[in-house]
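Encoded structure:
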């Protein structure tokens, strides 16, 4: 998870005034915050009141928007296995992390 959040943060920050004016990210991670995830993901605020009831994707989305408000970041809820091919066709790049091997093989 650390690699993925670092990749997202780097891409969002380097997009400030960059050549891609319509850059968009969609984050999918329905897991709830745990101590393990909190220590491995710097995009999750340490204040429990901020992440109460929110998924990892929602918290990361909020933090990424703070880094660069010009980049559009959204959350897509649900299991990747339930998304059809048309869902993935709208993306140029898909990075899959923190899921089962069967999900990675399917996507």
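Numbering (mature numbering (1 follows the signal peptide of the UniProt record, and there is no 0)), first residue to last: -18 to -1, 1 to 89. By construction, the Cβ of each residue, glycine as well, lies at the ideal position given by its N, Cα and C atoms.
Taking the beta strand (DSSP E) that residue 7 falls in, what are its first and last residues? Where residue 7 is concerned, the enclosing beta strand (DSSP E) stretches over 6 to 9.
Name, in chain order, the residues that DSSP records as bridge partners for residue 57. For residue 57, the beta-bridge partners assigned by DSSP are 9.
Would you identify the three-state DSSP class for residue 94, choosing helix, strand or coil? The structure shown has nothing for residue 94, since the chain only spans -18 to 89.
Please name the residue or residues paired with residue 14 in a DSSP beta bridge. In DSSP, residue 14 forms a bridge with 37.
Could you check if residue 55 is buried or exposed, using at least 16 other CB atoms within 10 Å of its CB as the buried criterion? When all chains shown are included, residue 55 counts as buried.
Count Cβ pairs between the region 3 to 18 and the region 52 to 69 that sit closer than 8 angstroms; are there 3 or more? Counting C-beta pairs closer than 8 angstroms gives three or more between the region 3 to 18 and the region 52 to 69, which meets the contact rule.
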